[in-house]
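Chemist: The structure is given below, and queries will be raised subsequently.
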Amino acid sequence: MADLDVGDAAPQFDLPRDGGGSFSLAALRGKPVVLYFYPQDDTTGCTAEAISFSQLKPEFEKAGAVVIGLSPDSVKKHDKFKAKYDLTVDLIADEERKVIEAYRLWVEKTMYGRKYMGVERATFLIGKDGRIARVWRKVRVKGHAGEVLEAVRTLRRARLSRRRRLAAAIATSHPRCAKWLLLTLRPAKLC
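Each residue of the sequence shown is one higher than the one before, starting from 40 at the first, in this note's numbering.
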């Protein structure tokens with residue numbers, strides 16, 4: 040199967056989450072979602088990545104995005120991981136790897152010359168429309184959360200620009216609509 044790419048519909052899922060309950064991607068339709076996949080809780084790279092996303096969570100929220108971490112670990116393990124490092128990002132348990140496989144991230148890896156199957160570290164930025172807006176594969180943790188945040192901000196600015204251009208075009212061709220457009224397309228409502 041080919042990898043998922045920009046413009047593809049993001050595979051939907053409903054999985055158990057840390058703290059109990061479940062998480063549904065469909066429930067977040069209408070806001071950008073940062074979905075980062077990582078191999079295992081409480082390992083060096085995965086811990087650094089979770090801490091980075093947690094530290095930037097207020098900035099992601101300000102940009103209107105939700106950040107979700109997903110691994111094949113259990114909810115119980117996620118809860119311990121979050122408590123140990125005071126993490127604020129939501130973590131989802133995909134113990135059966137169905138979502139990991141749907142995103143085509145269950146891959147053959149090599150370590151010290153030994154081949155094995157595992158989760159490829161990757162991040163998907165899913166737009167408000169439920170389509171993949173950006174993909175990072177084989178992620179290097181250092182600076183990654185900041186790079187993703189900038190992509191979320193860029194996506195938001197692009198959406199604002201498109202709507203403003205549309206409003207200007209309508210206002211130019213229909214002057215009586217200009218006042219209405221200014222009142223209804225306030226910046227807070229554009230994203």
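No residue lacks a Cβ here, since even glycine has one placed at the ideal position from N, Cα and C.
Between the region 144-163 and the region 77-90, are three or more C-beta pairs nearer than 8 Å?
Modeler: At 8 Å Cβ cutoff, the stretches touch.
Chemist: Between the region 123-140 and the region 46-60, can you find at least three pairs of beta-carbon atoms closer than 8 Å?
Modeler: Because the criterion of three Cβ pairs below 8 Å is met, the region 46-60 and the region 123-140 touch.
Chemist: Between the region 140-149 and the region 114-125, are three or more C-beta pairs nearer than 8 Å?
Modeler: They do not touch, by the three-pair rule.
Chemist: Between which two residues does the beta strand (DSSP E) carrying residue 147 extend?
Modeler: Here the beta strand (DSSP E) through residue 147 covers 145-150.
Chemist: Taking the Cβ atom as the reference point for each residue, do residue 171 and residue 53 lie within a distance shorter than 8 Å?
Modeler: No, the Cβ-Cβ distance between residue 171 and residue 53 is not below 8 Å.
Chemist: Using only alpha-carbon positions, find the residue among 188, 168, 196 that is nearest to residue 50.
Modeler: The residue with the shortest Cα to Cα distance from residue 50 is 168.
Chemist: Rounded to the nearest angstrom, what separates residue 43 and residue 108 at their Cα positions?
Modeler: Roughly 18 Å between the two C-alpha positions.
Chemist: Counting along the chain, where does the beta strand (DSSP E) carrying residue 76 start and finish?
Modeler: 72-76 is the span of the beta strand (DSSP E), which, as asked, contains residue 76.
Chemist: Excluding the 5 residues flanking residue 86 on each side, which residues of the same chain have their C-beta closer than 7 Å to its C-beta?
Modeler: The answer, listed in chain order, is 124.
Chemist: Name the DSSP bridge partner or partners of residue 153?
Modeler: In DSSP, residue 153 forms a bridge with 150.
Chemist: For residue 115 and residue 82, I'd like the C-alpha separation in whole angstroms.
Modeler: Taking the straight line joining both Cα atoms gives about 16 Å.
Chemist: Mind checking whether residue 185 and residue 95 have CB atoms under 8 Å apart?
Modeler: Result yes, Cβ atoms of residue 185 and residue 95 sit closer than 8 Å.
Chemist: Could you pull the DSSP bridge partners for residue 132 from this structure?
Modeler: Beta-bridge pairing links residue 132 to 110.
Chemist: Using a Cβ-Cβ cut-off of 7 Å (strictly less than) and excluding sequence neighbours within five positions of residue 103, which residues of its own chain qualify?
Modeler: Excluding positions up to five away in sequence, the list reads 70, 71, 195, 230.
Chemist: Following the continuous beta strand (DSSP E) through residue 164, name the residue where it begins and the one where it ends.
Modeler: Unbroken beta strand (DSSP E) run through residue 164: 161-165.
Chemist: Taking only three categories from DSSP, how would you classify residue 118?
Modeler: Reduced to three states, the DSSP call for residue 118 is helix.
Chemist: Report the three-state DSSP secondary structure of residue 48 (helix, strand or coil).
Modeler: Three-state result, residue 48: strand.
Chemist: Going by the beta-carbon positions, is the gap between residue 120 and residue 106 smaller than 8 Å?
Modeler: Result no, Cβ atoms of residue 120 and residue 106 do not sit closer than 8 Å.
Chemist: Alpha carbon to alpha carbon, what distance is there between residue 181 and residue 139?
Modeler: Cα to Cα, residue 139 sits roughly 23 Å from residue 181.
Chemist: Once the 5 residues before and after residue 41 are set aside, which same chain residues still bring their CB inside 7 Å of it?
Modeler: Cβ within range, chain order: n/a, list empty.
Chemist: On a CA-only basis, which of 135, 148, 84, 165 is nearest residue 68? Give me that one, please.
Modeler: Ranking 135, 148, 84, 165 by Cα distance to residue 68 puts 165 first.
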